[in-house]
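One structure is given here, and the rest of the page talks about it.
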Amino acid sequence: MKFCPKCGAMLVLKNKNFGCPRCSYSTKEKVELKVKEKLEEKQEIEVVKDKDVDILPKVFAECKKCKNNEAYFWTSQTRGSDETETRFFRCTKCNNTWREYK
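One gets this note's numbering by counting positions in the sequence shown from 1 and adding 174 to each.
Printed below as a string of structure tokens:
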């Protein structure tokens with residue numbers, strides 16, 4: 175790959191000669207173009223399953239079944255998009271699940 179000595183732009187093929195696209199510089203030299211591409215291995219994407227509650231945040235919420243004060247927490251849009259989300263809780267002790275509307 176060659177660059178223009180006047181302005182530093184990369185030389186491109188113009189008819190039979192290579193020339194600068196910015197200024198009037200041109201050359202009859204042969205320009206060798208080499209392209210290199212570095213490929214990296216893709217890492218695997220982990221899939222989160224519904225049963226993996228260990229990744230959910232824990233909050234202070236009293237379970238009505240066992241009176242435990244800690245529960246997992248998540249939200250979901252169960253009604254129309256113009257209404258608020260439904261909050262779900264799952265007790266960390268007995269796995270009782272309940273919802274709260276706001």
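The C-beta atom is built at its ideal place from N, Cα and C for all residues, glycine as well.
Treat the numbers as computed from the prediction; the structure is a model and nothing was measured.
Three or more beta-carbon pairs separated by less than 8 Å are not found between the stretch 188-198 and the stretch 208-222, which leaves the two stretches without contact. LYS276 and CYS237 have their alpha carbons spaced roughly 18 Å apart. When rounded, the separation of the alpha-carbon atoms in ALA183 and PHE262 is 59 Å. Per DSSP, the beta bridge partners of ARG273 are PHE262. CA-CA distance, TYR246 to ARG253, rounds to 21 Å.
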